[in-house]
Structures are given as structure tokens and as C-alpha cells.
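These notes are about the structure you will find just below.
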Amino acid sequence: MKAFTEHRGLVGPMDRANVDTDMIIPKQFLKSIKRSGFGPNLFDELRYLDEGQPGKDCSNRPVNHNFPLNQDRYKGASVLLARKNFGCGSSREHAPWALEDYGFNVVIAPSYADIFYNNCFKNGLLPVVLTEEQVDILFNELAAQEGYQLSIDLPSQTVTTDSGQIFSFELDEFRKECLLNGLDEIGLTLQDADRIKHYEAERAAQHPWVFGVIK
Amino acid sequence: MTEHTLYDKLWNTHLVKENNDGSSLLYIDRHVLHEVTSPQAFEGLRLAGRLPWRLDTNIATPDHNISTDKAERDGGIAAMVDEVSRIQVQTLDDNCDLYGIKEFKINEMGQGIVHVMGPELGVTMPGMTVVCGDSHTATHGALACLAHGIGTSEVEHVLATQCLVTKKMKNMRVSVNGTLGAGVTPKDVVLAIIGKIGTAGGNEHAIEFAGSVFREMSIEGRMTVCNMAIEAGARVGMVAVDDKTINYCRGRQFVPQGEMFDQAVSYWKTLVSDANAVFDIEVELAAESIAPQVTWGTSPEMVAAVTSFVPTLDEQPSEEKRKGLERALEYMGLESGQAIESIAVDRVFIGSCTNSRIEDMRAAALIAKGRQVAGSVKQVLVVPGSQMVKAQAEAEGLDRIFIDAGMDWREPGCSMCLAMNADKLGSGEHCASTSNRNFEGRQGSGGRTHLMSPAMAAAAAIAGHITDVRTFIGVN
Ligand code: SF4
Chain X
1 MKAFTEHRGL
11 VGPMDRANVD
21 TDMIIPKQFL
31 KSIKRSGFGP
41 NLFDELRYLD
51 EGQPGKDCSN
61 RPVNHNFPLN
71 QDRYKGASVL
81 LARKNFGCGS
91 SREHAPWALE
101 DYGFNVVIAP
111 SYADIFYNNC
121 FKNGLLPVVL
131 TEEQVDILFN
141 ELAAQEGYQL
151 SIDLPSQTVT
161 TDSGQIFSFE
171 LDEFRKECLL
181 NGLDEIGLTL
191 QDADRIKHYE
201 AERAAQHPWV
211 FGVIK
Chain R
216 MTEHTLYDKL
226 WNTHLVKENN
236 DGSSLLYIDR
246 HVLHEVTSPQ
256 AFEGLRLAGR
266 LPWRLDTNIA
276 TPDHNISTDK
286 AERDGGIAAM
296 VDEVSRIQVQ
306 TLDDNCDLYG
316 IKEFKINEMG
326 QGIVHVMGPE
336 LGVTMPGMTV
346 VCGDSHTATH
356 GALACLAHGI
366 GTSEVEHVLA
376 TQCLVTKKMK
386 NMRVSVNGTL
396 GAGVTPKDVV
406 LAIIGKIGTA
416 GGNEHAIEFA
426 GSVFREMSIE
436 GRMTVCNMAI
446 EAGARVGMVA
456 VDDKTINYCR
466 GRQFVPQGEM
476 FDQAVSYWKT
486 LVSDANAVFD
496 IEVELAAESI
506 APQVTWGTSP
516 EMVAAVTSFV
526 PTLDEQPSEE
536 KRKGLERALE
546 YMGLESGQAI
556 ESIAVDRVFI
566 GSCTNSRIED
576 MRAAALIAKG
586 RQVAGSVKQV
596 LVVPGSQMVK
606 AQAEAEGLDR
616 IFIDAGMDWR
626 EPGCSMCLAM
636 NADKLGSGEH
646 CASTSNRNFE
656 GRQGSGGRTH
666 LMSPAMAAAA
676 AIAGHITDVR
686 TFIGVN
């Protein structure tokens, strides 16, 4: 996984609450057995006027010009500004894969669905939580100013606007470390392999019916 | 001594390590795999040159995108028309064969929707931690398990380490006491709960469902309720162990027998919240206040009693709510203030991990028996949750009842719950559905889902519109 320290980039809006993972990446794309290539189908139902199918070339599909991310001013956005409960619904990890593949490095929203939030960190995507008021401010500034950019700094846990406002955000130390160092979570856990084996042995003695039954 | 909730006990028993930042390493007893969320995990494992940590913990089956049509299904994987689906199911088979993971293959007895299969085979037992790359894993909590959905990277993590890096949730208890009226089912109870607390009500909490209504409820019914904990915002839903739990487990394929069973039971009996355990949130509902429920909108919290009306735009407390309602009504093609019972249905879906167990089949058959599907209804799919449910239903003659009524009796799978196979709604079509999600496009692009119980869905099929099932059974 690539490391994340800081990021400065163009902001794109997703101005509605409760954006679910079906909306982020419709289910027909879940049939892929790969982890990459979902970017062209991010927000598929909103972005295009026809129905998207896996394997269909997106470059000549009819585009919904009313969808903000399709507008020229947001082309190349790498910071997604969103509303509360972003990523709710099904647990599909294809949602962060699609966001990342599209080119987003950061999502900023007042809240996220738990599973989606977790999945972001496993894919090098930083989900920033700001208050509703702060997100309102950002949406207003974004609407008012073309080419609006934000700087996100992970070590200091801040979002900085070009006018110099600084918003702090919270996140787990552990998640932060992994993201900062691009650490593979499995490798990290396997450092505790002895501990896991020890737990297993004790547990097998206590609750033997949990072990050895599925063959 | 501190008093613990059921969730606290399950958590403590499985804790391998606590990190300084509050994240923890939790040991996983059962890992259930299906074709959609596992291929990338196996790919990751292979790329890193790792092997599964333990084999006797994983169990797999295809369910999400296999055909429910008998003709196509009988041909096995090779006959799968949708190429992408076929590759996915084949990849699951290949991965399970390669690593030696137990799989119930496409047409094998035992196959079924992951959350129907696990409990009925005794793969999941009380006191276990159970994960699956599917958000409705909470279903297994009906057996007093700590069960929840995980993402694909976590599937890989569990395969490789048998552990999950996670954080302890808070405790929430939803108590429903009293006696449910005739025609009011577990599905109505959980929809009413979601209507009350909202789809974010359980965020960051593990919900324990408690009270006389759940004590009286069958294990299948408890599964229906726990299944939709996720729609109430919680990853985990559970019900404490009682005699029903123990009797349900006894004799199942992967449950120990004899002395070891007794040993297990004496542990299982401790899986209840202590009398004075403290919950961060307590919610109470009176059973008598719950009528059969129907969702009218595009979120499970947009739900109402079948006898009531779609909310009106003027009564909305805020502009945001008004806008949300307006958008939902537009998508659903409904009028503000319209009677719920006036909504006509084009298709009916009886199935999904929420409501495809034998009791659900029986409840729907009771309504369908001797009646005919309305001429205006294009299709009624009855999809058993597993091969075992299918066999049982056929042994009881339920398939005949459905077929005689003009319904389709299908092969087990997720089917029109998420429309990843050919079972889909057309744009603008209304569906009386026993599944768990009514999001835009969930059952097919432009499709309009109304969630309800199996009996209510069967009644809608007969009437051609949403209707109060209680009039079918001589109540009201
Ligand atoms: S039936 Fe529906 S909710 Fe259940 S596992 Fe299948 S797709 Fe998911």
C-alpha cells in the first residue's frame, strides 16, 4: 500500500447525505474478480445517462452534464467533499477501490458508515471527519470559487484552505501510523503470530467444539 | 464484580491483544465466504505468498449471483449464462479447491445464502465470532454470536491471520415487551424498530434485542431481526442464549454431540447479559403498538403501518427532511399522503437472507394456499434460502401451493434481493419484497422496493396491491 503523508488537490462535490455504496459503485460491477479498474464506473448511475455494464467502454457513453463531477471545473478532483453518513449500505470494498481508482485521495464528510470508513484506510484513502458547520463552509467556498483546492496534512491532522483557515480532525493512532508508513496490516498482525497461537491453544482447551469440526 | 453485557462477554472471550489506541486484535472462530467479496482477497493472499492461517474455520458457498432458474441451474457452473458471474463462481471453486477450504458447491445439498446456510448447518454456534464479507452477517447473532460484515481486505486479513483488527463498539439494548398481534411477524418488529430509531440509530453500537417478544420468537424469527440490525445502523445484532437457542443447535451437522455438546451447552448458558449490566443506549417498544409494516420510500426508515399513509410534505419538520421526502416520493412514484394500501405491485419477491427460511416459506404458503396471484402482477418469485430449506418446503408440499397459486418456485440464492443475477425489477416497477434494502436501484435500475414480511408479500401478490394481511387471516 502506498504511504500517505500530505495531499493538496482540487476539490469535487457530492452534495447529498446518505450516499450509499450502491450509488458509489453499482452492484453489477461487483462481479469483477480484480481490485482495480473501477474508476470509470464510480457513481455510474449519476454520471451517465445509460445503464453501465462491466466490460462496457465508458469513453463513448452519454454523460449526465448535470452531475457536478462531470463539469470541467471539477475535472481531476482528488478531494471529495461529501455530506453525512457517506458510504452507507452494503459493505462492498469496491466503493473505496472505485474512489481511489477515479483519482480521489481524500474524502471529507461529517460522518461515514463504519465499514466504509474502515475500508478506506485499507486502501490508502483518507476519510476526514469535519463538523457539519465546517463542511458547510467548505461547500460554500467550493461553490463560490473555481479551481478550489484544499491541503490535507496527516501528521498534524489538519485541513487547510487557501484563505488560511485550518480545521483539525481526529483519527486513530494506529490507522494513522499504517497510512503514514504505507504498512500492510496483515504483516503487522503477523508480528503477533505467537500471541495468536497462544490464544488459540488456550481456547482449544476451553472450547474444543470450536475447532476441528469443518472438514 | 462488574456486570457485563452479552456483547462484552463475547468481546472479552475473543480478545487476543489490545493496542494502545483502542484498536484490538479479535480472534475469529468462523469465516464464511462467497463468490463476490472473496476473489480479491485470495488474489491478495497469493500475491503476498501467504497461506490461510487455519482451514477448519472457513466455509464457502456461492449465492449472490447464481441463477435461481431451474433449467439454467441444473447445468451447474458451465451453464451460467452471465459470463462475469460464471467466472466469479468458478474462481470461488478454484480458490477453495486450491487451499482446501470446505465449500458447498452450486447445486450441492448445504448450499444456500451464506446467512441461511451458516446457522442451519451448525457452522455458527453460540459464543462464536463470525465474519463474512457481507453486511448482513449480523444475522448469525440470533444464536448469541458476535457476527458482523467485513470488507474484502479484512477477508484477506482473517484468512491470513484468523484475527480482525477492530474496535470495541458501544452497547445498545432494544427491548420489545408484550404480545404481538396476529399477523405481526419478526420482520414487522424489526422494521418498526428501524422506523423508531432510524437508519443511523445504531451507529457504532452492538444491539442486543431483548424482552418477551424475542424470548417468544423462534430462532428463525430472531435471525430476521438480527439480519436488519445493519439497516438500523449497527454492524452487530444479537439475542441472548435460551433453551430455544440450544434446541436449535442440537443435532446440526457441524455441532458436537454427546459429552462435548453438554460441555458446550454449559458454556452457552452463560451467554446472556448480566442482570445489572449497563447499556449506553436503551430503546423500548411495546409489542401491542406494532402493526404490519411496509416501507414506502428509499431508505428502510421510511416505513409505516400498512393501514396508514405516506407522510405529507407539509408535516416535515425541516427543509432537509422535506427535500429528502420529495426525492423519495419522486423516485417511488408516490403522492404525498397516499394510502399505503393503494400502492399497486408489479412483482413480488419472497426470499433473501432476511426471510427465506422454512418458517417464512410456511407463512407465505399459508396466505397463498387456495388463492390466485392477481392478474396484474407480472411475477412472483419464491426463492428458498438454501437447498435444505428447499428440500424441507418440498417435503411439506409448499412448492405445490406456490405453483398452484401462480407463483414461481425457484432454486436457492440471493436472487432479486440485489439483482446480481437475472431476477430484476424493470424501471418504475413496484415490488413487494421480503428483503432488507429498498435503496434506489437495489432490485434493478429504477425499481421500487417495498419491504414487508413474507405473509404481507404473499397477500400483496394475491391482491395486486399492498394490503393488510390481517384481513386474510380473519383479524380486523
Ligand atoms: S440475500 Fe441479499 S442481503 Fe442477503 S446476503 Fe444475499 S444479497 Fe446480501
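Residue numbers (our numbering), protein chains in the order written: chain X, 1 to 215; chain R, 216 to 691. Ideal Cβ positions, reconstructed from N, Cα and C, are used throughout, including at glycine. Quick caveat: nothing in here was measured; it's all calculated off a predicted structure.
Assigned exposure category for residue i - 16 Cβ within 10 Å defines buried
i	result
Arg261(R)	exposed
Asn60(X)	exposed
Glu446(R)	buried
Pro62(X)	exposed
Asn187(R)	Beyond the ends of chain R as shown, which are 216 and 691, falls residue 187(R); an answer cannot be given.
Gly436(R)	buried
Asn418(R)	buried
Pro254(R)	buried
Thr510(R)	buried
Asp638(R)	buried
Cys360(R)	buried
Asp403(R)	buried
Rounded separation between residue i and residue j - CA only
i	j	result
Arg175(X)	Phe121(X)	7 angstroms
Pro599(R)	Lys224(R)	34 angstroms
Asp284(R)	Ile152(X)	51 angstroms
Ser32(X)	Glu250(R)	10 angstroms
Glu545(R)	Gly661(R)	11 angstroms
Glu323(R)	Gln602(R)	8 angstroms
Ala559(R)	Ser630(R)	22 angstroms
Ala583(R)	Val690(R)	17 angstroms
His372(R)	Leu379(R)	7 angstroms
Trp624(R)	Glu298(R)	24 angstroms
Cys441(R)	Val405(R)	8 angstroms
Ala293(R)	Gln305(R)	9 angstroms
Asn651(R)	Phe564(R)	11 angstroms
Lys84(X)	Glu318(R)	39 angstroms
Leu633(R)	Glu474(R)	43 angstroms
Glu534(R)	Ala375(R)	49 angstroms
Tyr48(X)	Thr252(R)	26 angstroms
Glu611(R)	Val493(R)	45 angstroms
Lys219(X)	Arg35(X)	A question about residue 219(X) goes unanswered here, because the residues of chain X that appear run from 1 up to 215.
Cys88(X)	Leu42(X)	15 angstroms
Val129(X)	Ser238(R)	18 angstroms
Gly182(X)	Val399(R)	52 angstroms
Cβ pair residue i, residue j closer than 8 angstroms
i	j	result
Ile243(R)	Thr344(R)	yes
Thr527(R)	Gly548(R)	no
Asp22(X)	Phe654(R)	yes
Val213(X)	Pro507(R)	no
Asn119(X)	Ala95(X)	yes
Lys383(R)	Trp226(R)	yes
Leu248(R)	Val487(R)	no
Arg465(R)	Leu336(R)	no
Ile365(R)	Gly348(R)	yes
Leu179(X)	Phe29(X)	no
N-terminal and C-terminal residue of the beta strand (DSSP E) that residue i is part of
i	result
Cys378(R)	Cys378 to Lys382
Tyr108(X)	With the sequence shown as reference, residue 108(X) is identified as Ile, and Tyr is not the correct amino acid for it. Counting along the chain, the beta strand (DSSP E) containing Ile108(X) begins and ends at Val106 to Ala109.
Lys232(R)	Leu230 to Glu233
Lys385(R)	Lys385 to Asn392
Gln149(X)	Gln149 to Asp153
Ala520(R)	Val518 to Ala520
Ala421(R)	His420 to Ala425
Gly9(X)	Glu6 to Met14
Arg450(R)	Where Arg450(R) is concerned, there is no enclosing beta strand (DSSP E), given that its DSSP letter is neither H nor E.
Thr161(X)	Thr158 to Thr161
Thr439(R)	Per DSSP, Thr439(R) belongs to no beta strand (DSSP E); it is in the alpha helix (DSSP H), Ile434 to Asn442.
Residue interval of the alpha helix (DSSP H) (run including residue i)
i	result
Tyr242(R)	That residue, Tyr242(R), is in no alpha helix (DSSP H); its beta strand (DSSP E) goes Ser238 to Tyr242.
His94(X)	His94 to Tyr102
Phe167(X)	Per DSSP, Phe167(X) belongs to no alpha helix (DSSP H); it is in the beta strand (DSSP E), Ile166 to Ser168.
- Message: Between the region 322-342 of chain R and the region 560-580 of chain R, can you find at least three pairs of beta-carbon atoms closer than 8 angstroms?
- Response: yes
- Message: Using a Cβ distance threshold of 8 angstroms, determine whether the region 405-421 of chain R contacts the region 513-520 of chain R, with at least three qualifying pairs required.
- Response: yes
- Message: Three Cβ pairs or more, each shorter than 8 angstroms: is that satisfied between the region 393-407 of chain R and the region 274-284 of chain R?
- Response: no
- Message: Any contact between the region 421-429 of chain R and the region 441-460 of chain R? By contact I mean 3 or more CB pairs, one from each, below 8 angstroms.
- Response: yes
- Indicate whether the contact test is met: 3 or more Cβ pairs, each with one atom in the region 1-21 of chain X and one in the region 138-145 of chain X, closer than 8 angstroms. yes
- Three CB pairs or more closer than 8 angstroms across the region 72-83 of chain X and the region 92-107 of chain X: yes
- Count the CB pairs spanning the region 662-682 of chain R and the region 578-593 of chain R that are closer than 8 angstroms, and state whether there are at least three. yes
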